[in-house]
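Trainee:
There are 2 protein chains.
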Amino acid sequence: MSAVVLTVGTELTRGELVNTNAAFLAAELTALGFEVLEETCVDDDRARIIATLERLGRAAAVIVCTGGLGPTTDDLTTEAVATALGVPLVRDDASLEHIRRRFEKLGRPMSESNAKQANFPSGADVLVNPIGTAPGFSVRIGKALAFFMPGVPREMKRMFEEQVTPRIRSLSPNDAHQIRLRTFGLPESVVGERLAGVEGAFPGVTIGYRAHFPEIEVKVLARATSNAAAREACETATAEVQKRLADVIYGEAEDTFAGVVGRILRQRGLTLAIAESCTGGLVGHMLTREPGASDFLLLDAVTYANSAKTAVLGVDEDIMRAHGAVSGEVAAAMAEGARRVSGAAIGLSLTGIAGPSGGSDDKPVGTVHIAVAGDRGTELFQRVFPGDRVQIQTLAAYAGLASVKKYVRP
Amino acid sequence: MSAVVLTVGTELTRGELVNTNAAFLAAELTALGFEVLEETCVDDDRARIIATLERLGRAAAVIVCTGGLGPTTDDLTTEAVATALGVPLVRDDASLEHIRRRFEKLGRPMSESNAKQANFPSGADVLVNPIGTAPGFSVRIGKALAFFMPGVPREMKRMFEEQVTPRIRSLSPNDAHQIRLRTFGLPESVVGERLAGVEGAFPGVTIGYRAHFPEIEVKVLARATSNAAAREACETATAEVQKRLADVIYGEAEDTFAGVVGRILRQRGLTLAIAESCTGGLVGHMLTREPGASDFLLLDAVTYANSAKTAVLGVDEDIMRAHGAVSGEVAAAMAEGARRVSGAAIGLSLTGIAGPSGGSDDKPVGTVHIAVAGDRGTELFQRVFPGDRVQIQTLAAYAGLASVKKYVRP
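The listed protein sequences correspond, in order, to chains A and B. Just so we're aligned: 160 in this note's numbering is position 160 of the first sequence, and the numbers increase by one with no gaps anywhere. This note's numbering runs 1000 ahead of the 1-based position in the second sequence.
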């Protein structure tokens, strides 16, 4: 069943606000089993609101609209709906009473502009607003059942949940099921190639991709004649996707890469100490965003200056002089130093050149040395990461965490 | 001059992402003097992309579109444009070479699906993408000059600024001028209250707000009969805004709070050492995202475990036992220890409870102690921050940087 989201407001078309209402409604409608064809946002322009409603009334079975129900002169949605339908506005006494009572509670007089909020297109079904002055309403426009709600996010969310959801739930067959997989290690194009043919092999299944640098999320969506059939098709197709991407899938849905690495350390009862240089604290930040990092993380020494590498981690100045701070030798000494100073089971270090300056022919910007030290000795990795400063830092931090994952789970 | 924004992607129509690209483009187009009539988002559906482009080509003078230029099978925008125009796709050799070189730099083979990204509707003007594989392009659709860019925000922003802006600037009467101010320290509602009446006092001026947690960006936009008049009105109104928000404005436009604090340290010739606990490396990460942090940052010791506070910073175990790790006494010892170990001019420390667990009646979740140590002695701050774990860490990191700013610039 198809749905569209319409948001009305010049503050949106001027980009003064990010349109979180549209994202909320799209996610809710998708979860209810609707296919959201389009989200449109128009400014507070009567003719544009009317033309858009007429167009959407031909395109979808459900229209959900927010904004333009307020008391001011630039709130035009209700009038536009009446014009689009060719019906008069009529005052709803119960709504007027509701608005009057809200003002009484606030100890303020109700103005005539607020009384306007009790006007609805003739024949509309009024949607109660328990936490604000503007009631919503529902009408039929073209082939669509259309809902109009205030733009204030908390009023809109409450009204959607209590008033709109019960009215549309029975329309949607809820015939979709989706599984999201999180990957790290391959570019989107290669992930796509590895999954070539999966859509064809599993009818009703579509595969979507989303890049959150440096990760690629893979979404397996199945639609079928029933929810059970959709779930089964989704799970079968997902098993094939997992087989093809086994080396790069690290988790599902809301997992984070640092969270997964932390979980492995916790499960294995291993503590970690980190020595960062070019990543400047990013590895520690990624691990400690997740609750419970104190179970395994003892220390993250961001030894940005060479003197700090010596003072905090005991890195030999001669080694730095001989090989440079960006070298496998120094990375090893940092990881071993972090482990020794903190008493952690595992030491991870990263030293490199994040740029934009500081590179040379020998060690270009993006060069990063990573070391992992532990009972099995010290493992070294060297990479040259592409991108700008923040991308290099991000790729290095991911590679550092991946090195720990590899070390502890051989 | 009218403009519309089109964003393409099923991840958007499913509400999996908030559409920050649309807000960014709407704000930029508004600042360039365009009237943005509509922002539309459609799913990855060829027929819907074509129908929408044809409709928008009748409605506006400029179409700016993002998304659907990637290498995978659900990236359909380029094909849809060619179909809408009734022209074939042709391969652009220079773009193919650009893509091939990017893959060479990454040390990976270029796949056939990436080569697809060098195909453009015949007659298109190619828009270079210096930081990604997908070039953009521009064509005329109906009465509109249309631009197609990748959906990855940083690639899109760079391309809009370098490739699109120069091509559309002359179309707009440019009778608008905008100044953006960055603030930290007050909620949006209070910032709004402080600026009450400014719009009325300066005709043609509108004030917009954008919250990027924990900052509030204030945008002063003036429209007038000429660009010079708009600039003057904007500057006069901005002076009033600056007066009212003097205590919370830290910079303009692209400034970052950490970048501003780093700049002050560099200008004053002061070095910094940090000791973090609950913020887990976030302060270091914020400072080192900006190039040139090595000019002043010597060390960031994320001493997550108490044993690390002692081993790395020399914090007395008795002090921790007596006052707890989350205390002013320990914060002071950490800041002084970081300064002593590294030889830095300024020591900053943060110790607190980021949650969700670990709080008590005495020290609830959100409690953070901050210390700044230097030649003038050690200053202590205590706060209880609201929010979830990441919000508390973010507010604490900002407060830590604010404390350094205050200490060095009395």
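Beta carbons are placed, not taken as given, at the ideal position from N, Cα and C, and that holds for glycine.
Using a Cβ cut-off of 9 Å (strictly closer), state whether residue 1044 of chain B contacts chain A.
Mentor: Yes, residue 1044 of chain B lies at the interface with chain A (some Cβ there is under 9 Å from its Cβ).
Trainee: Could you check what DSSP says for residue 157 of chain A in three-state terms: helix, strand or coil?
Mentor: Residue state, collapsed to three classes: helix.
Trainee: List the endpoints of the continuous beta strand (DSSP E) containing residue 1227 of chain B.
Mentor: Residue 1227 of chain B -> not in any beta strand (DSSP E); alpha helix (DSSP H) instead, spanning 1227-1244.
Trainee: Comparing alpha-carbon positions, which option in A:31, A:304, A:259 lies nearest residue 287 of chain A?
Mentor: A:259
Trainee: Just list the residues that DSSP pairs residue 1370 of chain B with in beta bridges.
Mentor: B:1350, B:1381
Trainee: So residue 84 of chain A and residue 99 of chain A are in contact, right, with Cβ under 8 Å, and what is the actual spacing, rounded?
Mentor: Going by Cβ atoms, the distance from residue 84 of chain A to residue 99 of chain A rounds to 24 Å, so no, they are not a contact pair.
Trainee: Quick one, are the C-beta atoms of residue 350 of chain A and residue 249 of chain A less than 9 Å apart?
Mentor: no
Trainee: Sorted by chain position, which residues of the same chain lie with C-beta nearer than 6 Å to residue 171 of chain A's C-beta, five sequence neighbours on each side aside?
Mentor: Result list for residue 171 of chain A: 1, in chain order.
Trainee: Which residues in chain A have a C-beta closer than 8 Å to the C-beta of residue 1048 of chain B? List them in chain order.
Mentor: 37, 38
Trainee: Which residue wins for smallest C-alpha separation from residue 1368 of chain B, given the options B:1380, B:1130, B:1353, B:1404?
Mentor: Cα-wise, what sits closest to residue 1368 of chain B is B:1353.
Trainee: Please state whether DSSP places residue 119 of chain A in a helix, a strand or coil.
Mentor: strand
Trainee: Among A:332, A:93, A:311, A:299, which residue has its Cα nearest to the Cα of residue 343 of chain A?
Mentor: A:299
Trainee: Can you tell me whether residue 1016 of chain B is buried or exposed? The criterion is at least 16 other CB atoms within 10 Å of its CB, across all chains shown.
Mentor: buried
Trainee: Would you kindly report the start and end of the unbroken beta strand (DSSP E) that includes residue 208 of chain A?
Mentor: Taken as a continuous stretch (DSSP letters only), the beta strand (DSSP E) holding residue 208 of chain A covers 205-212.
Trainee: Within 10 angstroms of its Cβ, does residue 1318 of chain B collect 16 or more other Cβ (buried), or is it exposed?
Mentor: Per the 10 Å Cβ criterion, exposed.
Trainee: Counting only the same chain and skipping the five closest in sequence on each side, list residues whose C-beta sits under 8 Å from that of residue 1363 of chain B.
Mentor: 1324, 1326, 1353
Trainee: Distance cutoff 9 Å, beta carbons only. Does residue 27 of chain A sit that close to anything in chain B?
Mentor: Any Cβ of chain B closer than 9 Å to the Cβ of residue 27 of chain A would place that residue at the interface, and such an atom is present.
Trainee: Could you tell me whether the segment 1028-1042 of chain B touches the segment 379-386 of chain A, where touching means 3 or more Cβ pairs closer than 8 Å?
Mentor: no
Trainee: When the cut-off is 9 Å and only beta carbons count, does residue 1102 of chain B lie next to chain A?
Mentor: Judged by the 9 Å Cβ criterion, residue 1102 of chain B is in contact with chain A.
Trainee: Just to confirm the assignment: which complete alpha helix (DSSP H) runs, minimum length 4, are found wholly within the segment 1261-1330 of chain B?
Mentor: Those alpha helix (DSSP H) runs which fall completely within the segment 1261-1330 of chain B and span 4+ residues are 1282-1288, 1306-1313, 1317-1323.
Trainee: So is residue 1278 of chain B in contact with chain A if we call contact Cβ pairs under 9 Å?
Mentor: yes
Trainee: Any idea if residue 1190 of chain B is buried or exposed, counting beta-carbon neighbours within 10 angstroms, 16 or more meaning buried?
Mentor: exposed
Trainee: How many angstroms separate the CA atom of residue 142 of chain A from the CA atom of residue 58 of chain A?
Mentor: 6 Å
Trainee: Taking the alpha carbon of residue 1077 of chain B as the point to measure from, which residue in B:1104, B:1094, B:1043 has its own alpha carbon closest?
Mentor: B:1043
Trainee: Short of 8 Å Cβ to Cβ, which residues in the segment 1309-1326 of chain B face chain A?
Mentor: 1311, 1312
Trainee: Could you check if residue 161 of chain A is buried or exposed, using at least 16 other CB atoms within 10 Å of its CB as the buried criterion?
Mentor: exposed
Trainee: Does residue 1362 of chain B have its Cβ less than 9 Å from a Cβ in chain A?
Mentor: no
Trainee: Check residue 33 of chain A in the structure and name its three-state DSSP category.
Mentor: coil
Trainee: Can you tell me which of B:1130, B:1151, B:1122, B:1397 puts its alpha carbon nearest to the alpha carbon of residue 1069 of chain B?
Mentor: B:1151
Trainee: Which residue from B:1122, B:1063, B:1263 puts its Cα closest to that of residue 1087 of chain B?
Mentor: In terms of CA proximity to residue 1087 of chain B, B:1122 leads the group B:1122, B:1063, B:1263.
Trainee: Could you tell me the alpha carbon to alpha carbon distance between residue 1006 of chain B and residue 163 of chain A, rounded to whole angstroms?
Mentor: Residue 1006 of chain B and residue 163 of chain A have their C-alpha atoms roughly 30 Å apart.
Trainee: Could you give the DSSP three-state label for residue 1409 of chain B: helix, strand or coil?
Mentor: Reduced to three states, the DSSP call for residue 1409 of chain B is coil.
Trainee: Let me know if residue 45 of chain A comes out buried or exposed under the rule of 16 or more other beta-carbons within 10 Å of its beta-carbon.
Mentor: buried
Trainee: Flag this pair as touching only if the segment 1223-1242 of chain B and the segment 1195-1209 of chain B have three or more C-beta atom pairs under 8 Å; answer yes or no.
Mentor: Because the criterion of three Cβ pairs below 8 Å is met, the segment 1223-1242 of chain B and the segment 1195-1209 of chain B touch.
Trainee: For residue 14 of chain A, which residues in the same chain have their Cβ closer than 6 Å to its Cβ, ignoring the five residues on either side in sequence?
Mentor: none
Trainee: Assuming residue 193 of chain A contacts residue 1226 of chain B under a Cβ cut-off of 8 Å, what Cβ separation, rounded to an integer in Å, is found between them?
Mentor: Incorrect: roughly 54 Å between the Cβ atoms, too far for contact.
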